[in-house]
Structure formats: C-alpha cells, structure tokens
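First comes the structure, then the notes that go with it.
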C-alpha cells in the first residue's frame, strides 16, 4: 500500500524557495523537522497563518523560510528575540514567532532573549536545545552537558573551566513577565504529543495577545553526537533530561495579560503648537556679528542667561545660535555657553573670541580671560577673590551680581543681574523690551519669579547708572 | 511656525513629520536628547517607543520593524554606532530602510563627548561587513537636523536602504531657530516587499542569505547598481564661489566654521568660497569638481583627513588642484582662527 505523507498546511507542500523539492535541510533523526511540523500544524489549526510573522535564526534553522507558509524574516545570529521585538512592537495584533537554537539564544543572543522575556514581549520564543552548536560542526554551547565531548571540549566539558549548562527555562522563570514557560522533548511519541500541546499553547497566547511564551525543546543531533537516531533519542531522554528536566514552569495563560496604561493622545499640531513662536530672521548686513560667552558653575544659570539673550535676538528677527558646554565628568561642574547673533546666517556657533565675556566663577575667569576679542568686554562677579589682569584693550567690569540678586531677595538671580548690567551698558545690541520679554518667557513655568527677576534686572541697571561712567 | 530648538530635538521633530512609526534606542551622550524627546512625543501620537537593552538590540529591533514596512529609527553616538554596524550591514543586505542618527563624539574607544567627525569612513564607506553603503546625510544647522531627517526617511524608502544622519555633538546641542515643516510626509507603500503579517504580504521574505555563490554575486552587483543610481540624489551647497581662488570645504559643523572663515578672508581681500557636501553618500562628485577644479582647495574637518581623502578620490586628475588639510581632533571644535591661518598660508605658499 502506498503511503501518502501529508504535510501540515502551515508548511509549504513543496519547498520552492529551496529547490522545489520536498526534502528539508535537516539531518536524519534531527528534532528540527518534528518541531517545525508541530508549529506548522498548530499555525494551520489555529487559523493564524495570515497573521503570523516567523523569525528564523542563524544556525541549522536559518532556512525556516523554506518551510513556513507565512511571513518570514531571517534575523542575524542571536538577534531573533530583538528582531521579533521590533516586529511585534510595530505590527500590533500579529502572531510573532522567534525560533532559535540553544547556541544562538543561550550564548550570543542571551541578553536579547532574557530582556525580551523580562519585558513580556508579545511573541512566542521557541528554543531548540541539542546541547551544542550544530550547523558550525558541533562546538560547545552554553547548554553542553558536563563531561560532554564536543569539537571545542575535546576532553569533555569541564565545568570548572567553562561553567555549567545554562538552564534557560529556569532562568526565565525567575522573571515576572513571561506568561508561559515549558520544557519539552521530541525524543519519542509520548513526548512529542506533549510538545505539540506546548506549541499550541504558546501560539494561543499570541493569538490572544497575552504576552511572552517560551518553549524549550530537547532535541537530538545525531550528526554531531555521532550516534544513530535511536541512540540519539535515548541520549536525550537518559542524559539531557537529567540536566534539563521536562515540565511546565509557568502557565498564566488563563489570566488576562498585562495592559499598558493609556497615554493621552494628541495630534502632531497640538504637540508642536503649544510652545514657542519666533519670527523669520531678517537679513541685515548692517548688524555685525556679536559673540557672547557666559561661564560659571552648572546651576548658576549661565546656560539660561545665554538662552534669554538668544531668544531675545530670535524674537527680534536676528540669526542666532546658542551652544552649551558642560564639564561632563561631573553634573554641576563647569558650564558655559556661546551665543552668536548676526544679521546673516550664523557661521561657527562656537565663540572662541567673545565680544562679551561673563564670568560667574573664578575657574571660568582664569580660563577665558585671555580670549576676549580686541575691544571686548569682560564682566565678572565682584565677589570673586581675584583681580583679573586683562589686556589693555579689554574693558573690565567688576559687577556685584550676586549681591544685587541677594539684596533683592532672589540669590539665584545673579544671572538676571548680569543681563540687566549688559543691557544697561548697551552690550546686547537689542531693544530692551525684547530682552525683558525673553526674560519673562524664560520663567513661563514659574510665573511668580517673573516680577522678582524684573526687579533684579532694574536694580542691576540702576547700579550701572550710578557706578559706571 | 518657528521654535528655538536644540539640534537633537529637531531630529525628533523631523522624524515625526516624516511619519516615523517606531523608535528603538539606548541612551548615550551627546545623543540622549533624541531618545528623551522620542520617549516623550512618540507615545502621545500613538507611536511606539522602546528603550532597548543595548545598541545591538536597538538596531535589530529596527531590522524587525523595517521588515514590517514601518518607518523606524534609532539614534546614538560613536561607540553605540559601532555596535550597530552588524545590523546595518544586515539591513543593507536585506534591503531594509531605516534611519540611524549618529551624533558623533570624539574617539577612538570611549574618547570623550566633545564634537568630532572621526566616524566619517565608518558611515560613508560601509562600516559593517560586506560590500554596502548606507545613505549618509550631513546636516549643518538645526533646520537641517529636521529637514534632512525627513529627507533621509524619504531616500531610505525610495531605495530600500538604511540611511544615516551624520552630525556631531555641536549640532546635537546647539539651539537655533527651526521652521517647522508645513505638513507630514505621506506613508510609502511597502506591501510589495515587507512582511506585515497579513494575507497580502504572506509570501514576502526578508533575508540577506544567499548560499549560492553566483546568486550572492548577482545580489552584490544589484546593490552596487543601486548605489550608483543614487548619484542623482547628491546634494551640496556653495557660498561665494563665483570668483573664488580658494575653496574651503567641509561638512556639518566644520562647514559652519569654514563659512565664518570665508567671510573673514573676504574682508581681508582673499577671494575665498565654500563648498559643502550635504549628502556624503551619494557623494556630490560632479558638483565638487565643478566648484574646485583648478582652484586652491582647503579641507576643514574634525578628523584625521578622512573627508580630505574622499575629496582627493573624487577630484578629476587631469587638472592640477592643490589640496590641503586643516583639522582638529579630540573633541575640540575646529576654530575659525585655525582655518584662517591655514588659508593664509596656502594662499602664500601654493601657486
């Protein structure tokens, strides 16, 4: 009697992407064929073929796209979990399957697999554990048994040297998010029937959008184990199961899956339109370039001082750039910013030779004093315990910014005092109302501070009027 | 509508106007504001944002999303981009479009977070394994950080190829006036090649494996033909070149510094002009030759002559065109004064 072998409808009848044959790329006695048949059958039975994207790995299963009659993506070595994350995050409500070997998933791709499991990504992760790297010729994998000989453990795996077999199911079972974790075997019919149930459950969880499911299959590798099919199956049952016990470690498939907290939805226009205005810059060849540097400690407001000047310039129709510089090794260390305003598009946004240099601390003063441009101005806080020696062509102003800010009840507003000083001296080159408007805008989130800062600004101006001729 | 905006934020804004669907990334200075901006804005628009566990995960999540025909992006800086190179090679091999933003910092190794342009070769020449190129665009202003992000998505999907925005710490951190795009881009139709988990795309396949050597060669030849066909997309900009005797050239931040130097040199009576490539792959070869041939050429960059080498490579040999380099490395922004000194010396020494 002729036997007709019917393939599961989730698999192609003939492998056109290969060479049109009906034979697979797997060795005789290998578990991949059985496992993939189970997946193909479950996919067809659940009617999810047109919702499914299958991610194949690098290794023996690299050519899954020959076989699975669904959308197929071939991922890089170890990255199937990350690729599947990308798919499931961007294609909602699809059934995503990441299929990996134990070397692919347990070694190079372990962090990706582990993190995906920990996030509870919505895909089914199937890991075929045959205790070694098979396609590359039988080298040690994280799952290689103690004492097991492979091409890279020729004397048997010595756990004192290369560690112990990695128990993926047990590790993943430490995580909160996975919905389902089970280890099965495909060594005999009874075990295959159990594996079939596990595959189906993992895919049902995907169909229902419940979260992460992980199934590890103990699978024979007769070629690399150098055993026949019968001996290989016995090895799986007698040796591998001792190290990797079968069973379900987690099943929360009956519970509702985790739901994300909803976030209020907006249109792009709403998101973009809520802040800022600003007008188109107007070319003005007569407005020469002005270059400012503001410097001090992080937290003294040097960056926001620069921003106020820059915003004022922008609101006045000037071309302007603002560039911060931090001491990166320490938050709150040195900070400075460069502001360039111009009547034409700004070239270099950095200020190597400032026309106006403001220093709020001693290190900044020492660092930048020699950089002031010819005919430029240096303003520093009068409380600094140094007498700066600048070149003869630099105008030096010791300005009591911190004192003025403190006297007016806002010690933190020394930066605003400097702004008032610069404005009074005509150093900003913009109408004062633009400067004050930008100052007020900078406190839009703390309206109570607007009036206080305006007071500091006025006090600074008054100091300039009575102290500087 | 204008906003006073940081370069890194302008990238996020550009991505949203381009219709970007998903952002996968891992924080790194000086690119972190892009991740932060995406984390805030994407979910409010129903788009997906995920902080990946590392850069290799980020780029492979991009690979997955791009396989589904979605507009996906990530952003990083030097060390992180190095980790992504394998994934970029896979995407080029599988012909997947996605956007990778590199806010360059100083290297090699951990280096520092100052601005450098030392990733030029990695970005322009391939960076990962195999014969491939990413499309590379080099903005020089906050406006272009936004506009070229949109353009990069457009080109990536037109050619089914990963695209990179190559900027540096200065462009990431600088704030300038940004004119918002008029409208959102239209979504490209990707159903002919992507895998969307539906009946229409069920037979599509995303893969870069060709075990048959001849098929692999054909695939490579097809890719090379595709790169050649991108030539028409080359973009560049000139400034005061009509009567120029000296052409200063640089991209990104270096071009900004060069522009200031050109202005200063003009004041000194030196006929200087600027050539700035906007696309580095495709390289604007024709325009470069039109502007530079027979002139004195000064290349300004923040790397060890990587861009200078490309200028030399693309210049026609028949006409003598002296080329000199002025550069800074280590996270130090090239100064206008550096360029001026080199320009003055070149005008004096080179006849």
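Protein chains in written order, with our numbering: chain W, 160 to 628; chain E, 21 to 371.
Virtual Cβ for every residue (Gly too), placed ideally from N, Cα, C.
Quick caveat: nothing in here was measured; it's all calculated off a predicted structure.
Taking residue i as the reference, which of the options has the closest Cα?
i                      : options                       : result
residue 285 of chain W : W:269, W:305, W:263 and W:256 : W:256
residue 260 of chain W : W:485, W:459 and W:295        : W:295
residue 108 of chain E : E:125, E:89 and E:78          : E:78
residue 550 of chain W : W:262, W:413 and W:528        : W:528
residue 563 of chain W : W:554, W:510 and W:575        : W:575
residue 185 of chain E : E:203, E:43, E:154 and E:83   : E:154
residue 279 of chain W : W:316, W:272 and W:336        : W:336
residue 245 of chain E : E:271, E:151 and E:344        : E:151
residue 460 of chain W : W:570, W:268 and W:587        : W:570
residue 134 of chain E : E:48, E:309, E:366 and E:308  : E:48
residue 352 of chain W : W:289, W:196, W:509 and W:611 : W:196
residue 458 of chain W : W:449, W:493 and W:471        : W:493
Alpha carbon to alpha carbon, how far is residue i from residue j?
i                      : j                      : result
residue 54 of chain E  : residue 31 of chain E  : 7 Å
residue 69 of chain E  : residue 145 of chain E : 30 Å
residue 609 of chain W : residue 595 of chain W : 10 Å
residue 263 of chain W : residue 270 of chain W : 11 Å
residue 265 of chain E : residue 290 of chain E : 8 Å
residue 224 of chain E : residue 172 of chain E : 25 Å
residue 323 of chain W : residue 192 of chain E : 46 Å
residue 257 of chain E : residue 296 of chain E : 5 Å
residue 22 of chain E  : residue 476 of chain W : 11 Å
residue 61 of chain E  : residue 430 of chain W : 8 Å
residue 350 of chain W : residue 303 of chain W : 21 Å
residue 373 of chain W : residue 329 of chain E : 51 Å
residue 613 of chain W : residue 590 of chain W : 16 Å
residue 237 of chain W : residue 218 of chain W : 10 Å
residue 469 of chain W : residue 161 of chain E : 16 Å
residue 533 of chain W : residue 514 of chain W : 8 Å
Say the cut is 6 Å; is the CB of residue i nearer than that to a heavy atom of the ligand FMN?
i                      : result
residue 389 of chain W : Among the components of this structure there are no ligands whatsoever, and the ligand FMN is therefore not found.
Beta-carbon within less than 6 Å of residue i's beta-carbon, same chain only, minus the 5 sequence neighbours each way: which residues are those?
i                      : result
residue 214 of chain W : 232, 234, 239, 242, 243 and 257
residue 408 of chain W : 328, 332 and 340
residue 365 of chain W : 254 and 283
residue 301 of chain W : 265, 266 and 325
residue 208 of chain E : 177
residue 59 of chain E  : 69
Considering only DSSP beta bridges, list what residue i is partnered with.
i                      : result
residue 478 of chain W : W:501
residue 338 of chain E : Answer is none; residue 338 of chain E lacks a bridge partner.
residue 285 of chain W : W:258 and W:374
residue 516 of chain W : W:452 and W:537
residue 410 of chain W : W:339
residue 280 of chain E : In the DSSP output, where bridge partners are listed per residue, residue 280 of chain E has none listed.
residue 100 of chain E : None, per the DSSP bridge assignment.
residue 122 of chain E : E:96 and E:186
residue 496 of chain W : W:453 and W:483
residue 197 of chain E : E:24
residue 299 of chain E : E:157
residue 344 of chain E : E:318
residue 266 of chain E : E:292 and E:316
residue 556 of chain W : W:538
residue 43 of chain E  : E:69 and E:93
residue 256 of chain E : E:297
residue 226 of chain E : W:232
residue 299 of chain W : W:291
Apart from the five residues just before and just after residue i, which ones in its own chain have a Cβ nearer than 8 Å to its Cβ?
i                      : result
residue 620 of chain W : 579, 580, 582 and 583
residue 194 of chain W : 285, 287, 345, 354, 358, 376 and 378
residue 305 of chain E : 251, 254 and 334
residue 130 of chain E : 99
residue 174 of chain W : 180, 181, 182, 183, 225 and 226
Taking residue i and residue j to be in contact with their CB atoms under 8 Å, please state how far apart those CB atoms are, rounded to whole angstroms.
i                      : j                      : result
residue 208 of chain W : residue 228 of chain W : 6 Å
residue 51 of chain E  : residue 121 of chain E : 7 Å
residue 547 of chain W : residue 524 of chain W : 6 Å
residue 340 of chain E : residue 362 of chain E : With a Cβ gap of about 19 Å, residue 340 of chain E and residue 362 of chain E do not count as contacting.
residue 465 of chain W : residue 456 of chain W : Not confirmed; about 14 Å, so no contact.
Leaving aside the five residues before and after residue i along the sequence, list all residues of the same chain whose C-beta is less than 7 Å from its C-beta, in chain order.
i                      : result
residue 323 of chain E : 136, 137, 138, 140, 347 and 349
residue 259 of chain E : 279, 282, 293 and 294
residue 299 of chain W : 291, 309, 311, 312, 316 and 321
residue 110 of chain E : 83 and 228
residue 440 of chain W : 476, 477 and 478
residue 307 of chain W : 290, 315 and 316
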